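Enquirer:
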Amino acid sequence: MNEQNNFLIAIVLCLGVLLGWQFFVVEPRMEAERQQLALLAEAEAIDLATQSATGEAADLSADLSADAMPTPRASGVVPTAQPRDVAFASSPRVAIRTDELQGSIALMGARFDDLILTEYRETTATDAPLQRLLQRTGETGAWQARHGFVAGAGGNITLPDENSLWVLTQGDVLTPATPITLSFTTVEGIVLHQRISVDGHFMFTIEQSVDNKSANAVTVYPFGQIVRTGLPETSGLFILHEGPLGFLGEAGLQELDYDDLLEDGPVKEQASTGWLGITDKYWATAIIPPQNNAFTARYTARNAADPADITFRSDFLLEGESIASGAAYTTTSQFFAGAKVVDLIDDYADQGIERFDLMVDWGWFYFLTKPMFKALQLFYELIGNYGVAILIVTILVKLAFFPLASRSYETMAKMKKLQPRMVQLRETYKDDRQAQQQELMKLYREEKLNPLAGCLPILLQIPVFFSLYKVLFVTIDMRHAPFFGWVQDLSAPDPTSLFNLFGLLPFDVPSFLLVGVWPLAMGITMFVQMQMNPPPPDPIQARMFQILPIVFTFILAGFPAGLVIYWAWNNLLSVLQQGYIMRRNGVEIELFANIGLKRKASSAADPKDS
6 MNEQNNFLIA IVLCLGVLLG WQFFVVEPRM EAERQQLALL AEAEAIDLAT
56 QSATGEAADL SADLSADAMP TPRASGVVPT AQPRDVAFAS SPRVAIRTDE
106 LQGSIALMGA RFDDLILTEY RETTATDAPL QRLLQRTGET GAWQARHGFV
156 AGAGGNITLP DENSLWVLTQ GDVLTPATPI TLSFTTVEGI VLHQRISVDG
206 HFMFTIEQSV DNKSANAVTV YPFGQIVRTG LPETSGLFIL HEGPLGFLGE
256 AGLQELDYDD LLEDGPVKEQ ASTGWLGITD KYWATAIIPP QNNAFTARYT
306 ARNAADPADI TFRSDFLLEG ESIASGAAYT TTSQFFAGAK VVDLIDDYAD
356 QGIERFDLMV DWGWFYFLTK PMFKALQLFY ELIGNYGVAI LIVTILVKLA
406 FFPLASRSYE TMAKMKKLQP RMVQLRETYK DDRQAQQQEL MKLYREEKLN
456 PLAGCLPILL QIPVFFSLYK VLFVTIDMRH APFFGWVQDL SAPDPTSLFN
506 LFGLLPFDVP SFLLVGVWPL AMGITMFVQM QMNPPPPDPI QARMFQILPI
556 VFTFILAGFP AGLVIYWAWN NLLSVLQQGY IMRRNGVEIE LFANIGLKRK
606 ASSAADPKDS
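Heads up: the sequence shown is residues 6 to 615, going by our numbering.
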């Protein structure tokens, strides 16, 4: 029994140490690193070199850089005498209107830089501001995207850059039913068009065309680019990726941290299928080149003394296309900007965007996490409450593992019957530990018991716990999902606290003291479950078993309420299941005796009687 208790303690302590380390050590350390990076005064130059049609290096940084301001020569360009920020603020726009989006596209640079998600709010308050995704230059945390063409090495044409003013030649408002067309004519007589359409959700399609009306052949390279300024705030948790990401053919999934990109420099990959972008916890942008078409994907960062001036960029560059005089060329790419709704992301993947489903960070254990989400989603569609769905799925998981759990609890029940004999053996061989272990193993063999079998319920609970934690933390479906009463967001911690009597006292408590009703319920049920087992003979171990529920109560108080509800409910079901199995095996339940509210059975007092 001593070995069993040691094993149980090791498992529980390891889990506690991992969770505690993440919240109390890793997060503060990452925050300190972010602050240190923000104070760096040294600027870091990034060379955005690509390959020209002949394979020679051609510096296209002036064309793709958000800071480049070449002297404009083409028709429709904002005069250089006007300051850039003033010119941009006063430039015309074309509105975006769908059921799920509202915003506008700036004709200066033909850039997406103004987008609001109409079905999501920043908080659970009914009057909270709508969630903004893309932001204009000059706003905190500007997040933008644009598409266009750059010329090859030695090209003698002037293509529009981000300061060039496009003309709206078709449509007046971009809706799912009414696409728009933007046009630009260079001084050489090359006519460019961007036909932009949007579906009913978050996917834009950009059909770019070049009509070469000049006297010479030209070579152009189509590109797509996402730029984000400032150092974004992230959760800092290891289970969730936030930052540049993408899927690039044979190179596979790319997940880059902001800090690593600043420190290690650009990342470049060659691919012929896939996508790339930048993601937050619930929101993302992604540019999707034409599939089965070779392109260069790049992730770059530019450091700055002022954190607000730090720049991150994800872009792709297609291979060069030579267009003869009088000929035309068309290429189509896509741009995603919106919420990472699981079903919607999966639909886009099914429509031909390779592995777009990886936009949602399911992690290494996606084979557990995604089925868990699908199960919760199924019951949510039937009931309309994700909290109730969690309760139902927990019951189903318990039923699925009942045979294994039953055997485990039966083993524990038999171990409880053998407790007097085990105590007698320890007393008999207390000065000879090796003999004590040999006799205990002999007893286990005679009774056909495996002392480690009792650990199965805990071991089985860990992957389920992790998969549910992941679902609650990464899926937007759980964001702001209410349960009942005070729990209005299953993805956020229980907002109540024992230390202000759950809101009865008129003061707020620090975040580390937010020990709400559900964390307390979890701690109590965990304590009851532990006390149903025979107490360890070692008084130190027995004390540890009494303290662990308190420790876990404080640790899990900061976890999503949905996860704490699951654990409390799972503990309660385990208590009922274990009580039933112990009764069936004729073992007395000594819960009240273990907590000192009832005298222990006389059989345990005299080991010799057994």
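All C-beta atoms in this analysis are idealised placements derived from N, C-alpha and C, irrespective of residue type, glycine included. All values derive from a computational prediction rather than experimental measurement.
1) Could you work out which residue in A150, E127, F384 and L525 is closest to L112 when comparing CA atoms only?
2) Excluding sequence positions up to five away, which residues of its chain have a Cβ less than 8 Å from the Cβ of A354?
3) Please name the residue, chosen from L518, G521, F550 and V520, that lies closest to F532 on a Cα-to-Cα basis.
4) Counting pairs of beta carbons, one from the stretch 403-416 and one from the stretch 489-506, are three or more of them closer than 8 Å?
5) So, with DSSP's three-state summary, where would you put K273?
6) At the level of alpha carbons, what is the spacing between A342 and L266?
7) Among residues of its own chain, excluding the 5 on either side of F317, which ones have a beta-carbon nearer than 7 Å to its beta-carbon?
8) With a threshold of 7 Å on Cβ separation, who are the neighbours of T103 within its own chain once the five nearest residues in sequence on each side are excluded?
9) Taking 8 Å as the cut-off, does the stretch 127-137 touch the stretch 210-218 (at least 3 CB pairs, one atom from each stretch)?
10) In this structure, what does DSSP give as the bridge partners for W280?
11) Can the beta-carbon of T278 be found less than 9 Å from the beta-carbon of G254?
12) Pick out whichever of V569, A291, V580 and V492 has its Cα sitting closest to the Cα of K403.
13) If distances are taken between C-alpha atoms only, which option among I315, Q493 and E238 comes closest to K286?
14) What residue range does the alpha helix (DSSP H) around W572 cover?
15) Rounded to whole angstroms, what is the Cα-Cα separation between Y572 and A497?
16) In terms of residues, what are the limits of the beta strand (DSSP E) holding M208?
17) Name the residue from L553, P487, L518 and V522 whose alpha carbon lies nearest to the alpha carbon of Q534.
18) What's the C-alpha gap between P487 and W523?
19) If I measure Cβ to Cβ from Q40 and keep anything under 7 Å in the same chain, skipping five residues before and after, which residues do I get?
20) What does the alpha-carbon distance come out to for the pair I51 and D314?
21) Return the CA-CA distance between G392 and F154, expressed in angstroms with no decimal places.
22) Once you ignore the five residues that flank T174 on each side, which residues in its own chain have a CB closer than 8 Å to its CB?
23) Measuring straight from C-alpha to C-alpha, what distance separates V365 and L245?
24) What three-state label does DSSP hand R307 in the structure shown?
25) According to DSSP, is E247 part of a helix, a strand, or is it coil?
26) Within its chain, find whatever has a CB closer than 7 Å to the CB of W574; leave out the 5 residues flanking it on each side and keep chain order.
27) Where does the unbroken alpha helix (DSSP H) through G368 begin, and where does it stop?
28) Report, in whole angstroms, the separation of the C-beta atoms of S169 and G114, which I expect to be a contact under 8 Å.
29) Could you give the distance in angstroms between the alpha-carbon of G176 and the alpha-carbon of P565?
30) Does DSSP put P468 in a helix, in a strand, or in coil?
31) Taking just the CA atoms, how far does E144 sit from V634?
32) Which first and last residues belong to the alpha helix (DSSP H) in which V347 is found?
33) Spatial neighbours of K435 within its chain, please: C-beta separation below 8 Å, excluding the five flanking residues on both sides.
34) Less than 8 Å between the CB atoms is what I'm expecting for Q339 and T183, so what's the real figure, rounded?
35) From this set, M483, Y449, R303 and L381, which residue's C-alpha is nearest K419's C-alpha?
36) Buried or exposed: which applies to D494, given that a residue is buried once 16 or more other Cβ atoms fall within 10 Å of its Cβ?
Expert: The structure says:
1) Here residue 112 refers to the residue found at position 107 of the sequence shown. Cα-wise, what sits closest to L112 is A150.
2) As a first step, residue 354 must be located in the sequence shown, where it is residue number 349. Once the five neighbours on either side are set aside, the close Cβ partners of A354 are R360, F361 and D362.
3) As a first step, residue 532 must be located in the sequence shown, where it is residue number 527. Looking at the Cα atoms, F550 is the closest of the given residues.
4) Counting Cβ pairs under 8 Å, fewer than three are found: no touch.
5) Residue mapping note: residue 273 aligns to position 268 of the sequence shown, counting from 1. If DSSP states are grouped into helix, strand and coil, K273 belongs with the strands.
6) To locate residue 342, count along the sequence shown from 1; it is residue 337. To locate residue 266, count along the sequence shown from 1; it is residue 261. Rounded to whole angstroms, A342 to L266 spans 22 Å at the Cα level.
7) Numbered from its first residue, the sequence shown carries residue 317 at position 312. If we look at F317 and ignore the five residues flanking it on each side, its Cβ neighbours are R233, P249, Y263, L266, I283 and A306.
8) Taking the sequence shown and counting its residues from 1, the one referred to as residue 103 is at position 98. Beyond the five residues adjoining it in sequence on each side, T103 comes within less than 7 Å, by CB distance, of T180, P181, V203 and G205 in the same chain, given in chain order.
9) Verdict: no, contact absent.
10) As a first step, residue 280 is located in the sequence shown; it is residue number 275 there, counting from the start. W280 is bridged by DSSP to F252.
11) Position 273 of the sequence shown, counted from the first residue, corresponds to residue 278. Position 249 of the sequence shown, counted from the first residue, corresponds to residue 254. In terms of Cβ geometry, T278 and G254 form a close pair [threshold 9 Å].
12) Residue mapping note: residue 403 aligns to position 398 of the sequence shown, counting from 1. Checked all of V569, A291, V580 and V492; the closest Cα to K403 is V580.
13) Counting from one through the sequence shown, the residue named residue 286 turns up at place 281. Checked all of I315, Q493 and E238; the closest Cα to K286 is E238.
14) Here residue 572 refers to the residue found at position 567 when the sequence shown is read from its first residue. A566 to R589 is the extent of the alpha helix (DSSP H) around W572.
15) Counting from 1 along the sequence shown, the entry for residue 572 is found at position 567. Counting from 1 along the sequence shown, the entry for residue 497 is found at position 492. First, the amino acid is wrong: residue 572 is Trp here, not Tyr. Going from the Cα of W572 to the Cα of A497 covers about 15 Å.
16) Numbered from 1 along the sequence shown, position 203 holds the residue referred to as residue 208. First-last of the beta strand (DSSP E) with M208: M208 to N217.
17) Taking the sequence shown and counting its residues from 1, the one referred to as residue 534 is at position 529. Checked all of L553, P487, L518 and V522; the closest Cα to Q534 is L553.
18) Taking the sequence shown and counting its residues from 1, one reaches residue 487 at position 482. Taking the sequence shown and counting its residues from 1, one reaches residue 523 at position 518. The straight-line gap from Cα to Cα measures roughly 14 Å.
19) Locating residue 40 in the sequence shown gives position 35, counting from the first residue. Caution is warranted here: a pLDDT of 41 is assigned to Q40, below 50, making its placement in the model unreliable, and the coordinate value is therefore given only provisionally. Same-chain partners within the cutoff: there are none.
20) If you number the sequence shown from 1, residue 51 lands on position 46. If you number the sequence shown from 1, residue 314 lands on position 309. At I51, the pLDDT of 25 sits below 50, so the modelled position is not reliable and the matter cannot be decided from this model.
21) Within the sequence shown, residue 392 is the residue found at index 387, counting from 1. Within the sequence shown, residue 154 is the residue found at index 149, counting from 1. Linking G392 to F154 through their CA atoms gives a straight-line distance of about 50 Å.
22) One-based indexing of the sequence shown puts residue 174 at position 169. Result list for T174: T186, L187, S188 and H198, in chain order.
23) For the purposes of this step, residue 365 is taken as residue 360 along the sequence shown, with counting starting at 1. For the purposes of this step, residue 245 is taken as residue 240 along the sequence shown, with counting starting at 1. Their Cα atoms are separated by approximately 9 Å.
24) To locate residue 307, count along the sequence shown from 1; it is residue 302. Strand.
25) For this step, residue 247 is matched to residue 242 along the sequence shown. For E247, the secondary structure class from DSSP, reduced to helix, strand or coil, is coil.
26) On the sequence shown, position 569 is the one that residue 574 refers to. By the criterion of a C-beta distance shorter than 7 Å, W574 is surrounded in its chain by L396 and T399, once the five residues flanking it on both sides are discounted.
27) By 1-based counting over the sequence shown, the position of residue 368 is 363. For G368, no alpha helix (DSSP H) segment is defined, and its DSSP state is neither H nor E.
28) Sequence index remark: in the sequence shown, residue 169 carries index 164 (1-based). Sequence index remark: in the sequence shown, residue 114 carries index 109 (1-based). Contact between S169 and G114 holds: CB atoms are separated by about 7 Å, below the 8 Å threshold.
29) Locating residue 176 in the sequence shown gives position 171, where the first residue counts as 1. Locating residue 565 in the sequence shown gives position 560, where the first residue counts as 1. When rounded, the distance between both Cα atoms is 46 Å.
30) As a first step, residue 468 is located in the sequence shown; it is residue number 463 there, counting from the start. Three-state DSSP puts P468 in a helix.
31) Within the shown structure, residues of the chain are numbered from 6 to 615, placing residue 634 beyond reach of any answer.
32) Position 342 of the sequence shown, counting from 1, holds the residue named residue 347. V347 to D355 is the extent of the alpha helix (DSSP H) around V347.
33) Walking along the sequence shown from the start, residue 435 turns up at place 430. Cβ within range, chain order: Q441.
34) Within the sequence shown, residue 339 is the residue found at index 334, counting from 1. Within the sequence shown, residue 183 is the residue found at index 178, counting from 1. Contact flag wrong, Cβ pair sits at about 18 Å.
35) The sequence position of residue 419 within the sequence shown is 414, counting from 1. Closest option to K419, Cα to Cα, is Y449.
36) Locating residue 494 in the sequence shown gives position 489, counting from the first residue. The residue in question, D494, is buried, as its Cβ has 16 or more Cβ neighbours within 10 Å.
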